[in-house]
Structure formats: C-alpha cells, structure tokens
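J.:
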Amino acid sequence: MRRPLGIILPILLLIIWEIAARSINNQFILPTLETVIPVLLSPTVDILGTGSLLHNAAVSLERVGLGFLVALAIAVPLGVGMGWWPRLDAFMDTTVQLLRPIPPLAWGPLAIAWFSVGLSSMVFIIFLGAFFPILLNTIDGVRSVKRTWIEAAETLGASERQVLGKVVLPGAAPTIWTGLRVGFGVAWMCVVAAEWLPGTTSGLGYLTLYAYNFGQMQYIIAGMITIGTIGIVFDLLFRSVENRWFSWRRLER
Amino acid sequence: MKLAVQDLTKVFVTEGGEQVTALEGINLTVEDEEFVCILGPSGCGKTTLLRIIAGLETPTSGTIRVDGEVLHGPSHRIGMIFQEYSLLPWRTVHQNVAFGLEVQGKGRKDRLAEAEKYLDLVGLGNCGNQHPYELSGGMRQRVAVARALAIEPTALLMDEPFGALDAQTRNLMQLELQELWKKTRKTILFVTHSVDEAVFLADWIVVLTERPGKVREIVPVKKCPRPRDRTCSDFVGIRRHVLDLIAGGSAD
C-alpha cells in the first residue's frame, strides 16, 4: 500500500515539470524531459569532451571510495578507543566538537594549499565529510554495548583485548554500520562540491558545472539524476547488509 | 572448594561525594558443594556482595579466598549467572556456550563438543543453532547456566537468575537447578529476594540487614529433606522465621 502511494508524487512532479518546461519554452531555465532522457539512456556517450556519464560517475565514485576508506580506517579505531577509555574521550572530545561544525567544503582552500589541486585535496574533503558521522556513531555504539555482556565475558575469562574484539566490536557493529552508511552519504554529497574546486577536470560534480558554462541544462539535470541515483543505490546496499548481518538487534527485545 | 569472605566492607562514593556503606564486616565460609542463598531487602547490597566475589567489583576492605588463595578479579573457578539476559545476541546458542572455551584458545571442534555436552545437561541439546532471541526467558537462563558451567568452575554465583520469569517457569527452574546441583556437585551462591525461593533451595540462608548490609543471621535449612515440600511443617517454620528476620520483627 505504501509503495504505490509513494510513486504517485514523483510521476506528478514529472508531469508538472514537462508542462512547465513546455510553457516556459526556454531550455536554459528548464529543459524538457525529451532532452534529458536521451542523455540518461546513453551513459557511455561523451559529453562536451569531458568523457561519458558513466566515466565521470566512476571517477567520482573512486574519489569517494578513497576518502571513505581513509575515514573508516581512522574513525572506527579512534571511536572504539574513545567509547571504551574515558580518558581518551576526555582528551579528544573538545577537539572533535570544535572541528565537527566546520563544513568539509570550508576546508577547500586549505586542502588545495596543503595537497595542491587534484585527487588528494578532494579525498581530504571527502574524508572530512565521512569522518565525523563514522566517529560519533562508533563512540555511541561502543557506549551502548550492554554492561552485562561485557561482565559476562569477563567472568568467563576474557581479557580486555578479547572483550573489545569479541563483545564490544560486534555489539557496537550495528551502530558503527549506521555511521558508515551516513558517512558514505555525506561523502557522496561532498564529492560533488569538491569537484567544483579549481583544477578539477572530471567527475559528476565537474560535469554539472562545466555544462553550465555552455548553457547545456539537460546535462546538468542528467548529472543530478545520476548523482541522486547512485546515492540511493548505495544507501540501499548499506541497508540490505544491515538487515542481513544485524537482524539480531531488531529481534532482541 | 572452600569459599571464604573475610571482613568484607564496601563503601561507594556517590556523585555528590557522599560516602555510602553498602556492605559492612561480612564474614562467610561456604564449604564445598554447599548451596547457599543470600537473602535481604532490596538495596541491602546482596548483589554487590556477589559481584565482589565474582571479581567484577573491588571491596573497600576485606578479602575473598578460594581454598585459602586470595582472589583478585574474575576467576575461572567461579562462574556467574546474571539477573538480566547476558547472552550475546549475535552468537548462536552453541557459540555462546563455547565463549569461555574460545577465549581460553580451545579449538573449534573441541569447544563445540563441550558446548553440546553442557547444553544436553541443561536439557537444550537440540537448540545449539538457534539464536538467543528465539528462546524463552527460562531457556535463555539455562543457556547462561550451560555457558558458566562450560569453563568448569567449582562455584556458581547466581544473581536473582529467575527474577524475570513468571511464577510457573520459576518453580520449574528451581527444581531443575536442584537436579543440576546434585549432578554437577558445584558450590552455589544464590542471591534472591524471595524467602520462599531461598528456603526451597538453600542448605543455609544468609539473611542480610538493610543498608549497610551486615549478616543478620545464618539460617540452616539442611534439616528439611530435598526435594522440599513447601507445605511441610519444617519448611513453613523456617519460612516464618526468615520472614520475621526480614521484617525486622525478630530482633533477638
């Protein structure tokens, strides 16, 4: 019942878009559906010399993947440490709270100054976007591990290391996974903006900005739809893994 | 195994900096294979006493000795069963029971065979592949008992293990525990706030006073033959006496 109901509005919006586009009759303000759909249907065709839609998507995904992996590699261990050792948390927390509200893109100029234009500065910005959701969820996940699970493990002879590896990490895993999902989502949003930094010559973000210079609005909208679709696909992937691996959290009352 | 609690005192410091004495001058000696219940009004520190013996909390002063040796922290000779469900929900029943053997570094085959043995002992031989959330409350506590037994402790500590169960399941579990105790010959220290449960299960009962918890009286129940009939006159008499102690009526 929910699904059929949910599909009505998107269809209506498409119809309104088409009507509006035809009555405005200005491709630069709002291109019609029939100019956008062909772009989406031929994702391997080169666009304005920047490469195909697919190629640019792959480039963006690679950047996100790199930044995300670096964030994961640092934020998960640090989060486990901060959630487990109160002294480490007390040491780090102020710094985290001070840095967290700074939008990743505000680091753009510094990123370019430090890493020069190109892959590393973009990866740095994406890393910042993914880092905080992963860190905060990891800390939260570790703290939400039931005291009794830990104590039961201790009475069964587990060392601190074993408690961390066999109780705390698996117990916090569902929350950490939520952090990874949110972190990936933020990283994906960051890549588009990061690709607007000077010196970039590829990626979906770059494509949309580049197409604007030529007034090719159908490419911009096709790019936006591609960005949105990839975002949804990854979110669904994360969620389906969540349902498969962490069903115990839902079932355990 | 002889378990001795000597001059045990526990003082907590509240967040306001106030000192609260939870336990004061506790002395107990539990002989091998005895079944002892610790009974007291809520807040008397009976759970704290058990947690200190389990090595989960440190006493402010006093010692816990097992066969003369002072304990510091959790020991493989002591198993603990908690009031709340303490099974790891992402592990199967098998993997839960095998946890203690896993951290000892035993091989996969060995520990699953051991787990199977202890699951059989608690009557859950065919539940190994299920997850804890598929089991009822009583079954979960049986798994917890199997898990504690799998590390082959000489003493079992049980903190109101049947507190969350309905009356019928609770009675059944009391009978089963008694059987298990006879079969395994473990020393059992059992915390409860139910006078009936204590008189039904224990060789002797430690009755604690309200905070600060001190030993008010040690009540022997051994003269009542097992399995106990709740309506026999000895049972009723001891029950009456313990109830009076708890209510503070028998201040002799």
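From first to last, the protein sequence lines stand for chains A and B.
Be aware that the first sequence starts at 1, since it is given in this note's numbering, and climbs by one per residue.
Be aware that the second sequence starts at 1001, since it is given in this note's numbering, and climbs by one per residue.
Every residue, glycine too, gets a C-beta built ideally from N, C-alpha and C.
1. For residue 1237 of chain B, which residues of its own chain have a beta-carbon under 6 Å away from its beta-carbon, when the five flanking residues on both sides are left out?
2. Just to confirm my understanding: we take residue 1169 of chain B, look at its own chain, exclude 5 residues before and 5 after, and list those with CB closer than 8 Å. What are they?
3. Hey, does residue 1252 of chain B have any beta-carbon neighbour from chain A nearer than 8 Å?
4. Closer than 8 Å by C-beta to residue 177 of chain A: which residues in its own chain qualify, once you throw out the five before and the five after it? Chain order, please.
5. In chain B, what lies closer than 9 Å to residue 145 of chain A by C-beta?
6. Skipping 5 residues on each side, what residues in its chain have a beta carbon closer than 6 Å to that of residue 231 of chain A?
7. May I ask you to list the residues that DSSP assigns as paired with residue 1132 of chain B?
8. Roughly how many whole angstroms lie between the Cα atoms of residue 1045 of chain B and residue 1055 of chain B?
9. Run the CB neighbour count on residue 284 of chain A, radius 10 Å, all protein chains shown included, and call it buried at 16 or more, exposed below.
10. Can you tell me the Cα-Cα spacing of residue 142 of chain A and residue 135 of chain A, whole angstroms?
11. If we cut at 8 Å on Cβ distances, does residue 1168 of chain B have a partner in chain A?
12. Runs of 3 residues minimum, wholly inside the stretch 1030 to 1075 of chain B: which ones carry the beta strand (DSSP E) assignment?
13. Which one of B:1126, B:1104, B:1008 has the shortest CA to CA distance from residue 1059 of chain B?
14. Using only the alpha-carbon positions, how far apart do residue 71 of chain A and residue 79 of chain A sit?
15. Rounded to whole angstroms, what's the CA-CA distance from residue 1196 of chain B to residue 75 of chain A? Just pull it up for me.
16. Near residue 208 of chain A, which residues of its chain fall below 7 Å by C-beta distance, leaving aside the five closest residues on each side in sequence?
17. Check whether the Cβ of residue 58 of chain A lies closer than 8 Å to any Cβ atom in chain D.
18. With a threshold of 8 Å, are at least 3 pairs of Cβ atoms found where one atom belongs to the stretch 1086 to 1093 of chain B and the other to the stretch 163 to 173 of chain A?
19. What is the DSSP secondary structure of residue 1078 of chain B, reduced to helix, strand or coil?
20. Taking Cβ positions only, does residue 84 of chain A come closer than 8 Å to chain B?
21. Report the option in B:1100, B:1014, B:1092 whose CA atom is closest to the CA atom of residue 1132 of chain B.
22. Would you please verify whether the beta carbon of residue 1089 of chain B is less than 8 Å from any beta carbon of chain A?
23. Can you grab the Cα-Cα spacing for the pair residue 1247 of chain B / residue 1022 of chain B, in whole Å?
24. Restricting to Cα atoms, I'd like to know which of B:1057, B:1174, B:1209, B:1080 is closest to residue 1025 of chain B.
25. On the three-pair Cβ rule with 8 Å, is the stretch 143 to 161 of chain A touching the stretch 106 to 116 of chain A?
26. Taking 8 Å as the threshold (beta carbon to beta carbon), is residue 1104 of chain B in contact with chain A?
27. Less than 8 Å between the C-beta atoms of residue 1215 of chain B and residue 1027 of chain B, yes or no?
28. Between residue 159 of chain A and residue 53 of chain A, what straight-line distance do the alpha-carbon atoms span, to the nearest angstrom?
29. Please classify residue 97 of chain A as buried or exposed, where buried requires at least 16 other C-beta atoms within 10 Å of its C-beta.
30. Given a threshold of 16 other Cβ atoms within 10 Å of its Cβ, counted over all protein chains shown, does residue 1160 of chain B qualify as buried or as exposed?
31. What is the C-beta distance between residue 59 of chain A and residue 203 of chain A, in whole angstroms, given that I count them as a contact (C-beta under 8 Å)?
T.: Result, derived from the coordinates:
1. The beta carbon of residue 1237 of chain B is closer than 6 Å to none in its chain, skipping five residues each way along the sequence.
2. 1136, 1137, 1138, 1162
3. Caution applies to residue 1252 of chain B, whose pLDDT of 41 falls short of 50 and renders its modelled position unreliable; the model cannot decide the point.
4. 238, 241, 242, 245, 246
5. Going along chain B, no residue has its Cβ under 9 Å from residue 145 of chain A, so there is no contact; the nearest lies around 10 Å.
6. 188
7. According to DSSP, which records beta bridges pairwise, residue 1132 of chain B is partnered with nothing at all.
8. 15 Å
9. As displayed, chain A neither begins before 1 nor continues past 253, which places residue 284 of chain A out of reach and without an answer.
10. 11 Å
11. For residue 1168 of chain B, the answer is no, since every Cβ of chain A falls outside 8 Å of its Cβ.
12. For the stretch 1030 to 1075 of chain B, whole beta strand (DSSP E) runs of length 3 or above, ordered along the chain, are 1035 to 1039, 1061 to 1066.
13. B:1008
14. 11 Å
15. 53 Å
16. 220, 223, 224
17. Absent here is chain D; the protein component of the structure consists of chains A and B.
18. yes
19. strand
20. no
21. Looking at B:1100, B:1014, B:1092, the one whose alpha-carbon comes closest to that of residue 1132 of chain B is B:1092.
22. Nearest CB-CB separation between residue 1089 of chain B and chain A: below the 8 Å threshold.
23. Their Cα atoms are separated by approximately 19 Å.
24. B:1209
25. The stretch 143 to 161 of chain A makes no contact with the stretch 106 to 116 of chain A; the number of CB pairs closer than 8 Å stays below 3.
26. Chain A places a beta carbon closer than 8 Å to that of residue 1104 of chain B, counting this residue as a contact.
27. yes
28. 52 Å
29. Answer is exposed; the Cβ neighbour count stays below 16.
30. buried
31. 5 Å
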